[in-house]
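Trainee: This is the structure I have questions about; it appears just below.
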Amino acid sequence: GHLRLTGSVVVQEKPHTIQCRGRTFTVLPAASPYSRTGGRDMQGVTVTLPHGATVVDISDPDFEEICSHVIAPHGWHACILSCRNAKANTWPAYSTPTYGAAGTCYSEHWIWMWPVSDSPLPTSFKFTNNSAR
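In this note's numbering, the protein residues as written are 1 to 133.
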């Protein structure tokens, strides 16, 4: 279906974040949403989510808007951004403007980011690809 934008996307004063529908989005490790370069710095990096943070889930009711206003227009110093599909227990990946069709699914099950534990809500992830976040 079509998505009708009812709000606006605002760049927060806090560096390396984008706000959409009253929520704050960022990547780990922190990177500028305005970077148009796919970084080569993530191979072997483990990140831990701050308390209260979650990985964006594709079942989020605002996911289409997140794709079109947070992922598609922003490079985040990455080619691919990892998301979650809790229903299928997979980690889909979405292209940024630095690689492929921005804001579209690059892979239904991204194999370059792995949860560090078997927890249903993991908080640490290890990357095995240079340019993902």
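Every residue gets a Cβ at the ideal spot worked out from N, C-alpha and C, and that includes glycine.
1) Can you tell me where the beta strand (DSSP E) holding Ile80 begins and where it ends?
2) Is the distance from the Cβ of Ser82 to the Cβ of Ala132 below 8 Å?
3) Does the beta-carbon of Arg84 have 16 or more other beta-carbons within 10 angstroms, so that it is buried, or is it exposed?
4) Return the residue from the list Ser117, Pro120, Ile111 and Pro122 that minimises the CA-CA distance to Thr128.
5) Just curious, the beta strand (DSSP E) that Ile18 is in, first and last residue?
6) Can you tell me whether Ala93 is buried or exposed? The criterion is at least 16 other CB atoms within 10 Å of its CB, across all chains shown.
7) On the DSSP letters alone, give me the boundaries of the beta strand (DSSP E) that Pro113 sits inside.
8) In whole angstroms, give me the CA-to-CA distance for Gln137 and Trp76.
Mentor: The answer reads as follows:
1) Ile80 to Ser82
2) yes
3) The residue in question, Arg84, is buried, as its Cβ has 16 or more Cβ neighbours within 10 Å.
4) Ile111
5) Looking at the DSSP string, the run of the beta strand (DSSP E) that includes Ile18 is Ile18 to Cys20.
6) buried
7) Reading the sequence as shown, one finds Met at residue 113 and not Pro. Met113 -> beta strand (DSSP E) spans Met113 to Pro115.
8) Beyond the ends of the chain as shown, which are 1 and 133, falls residue 137; an answer cannot be given.
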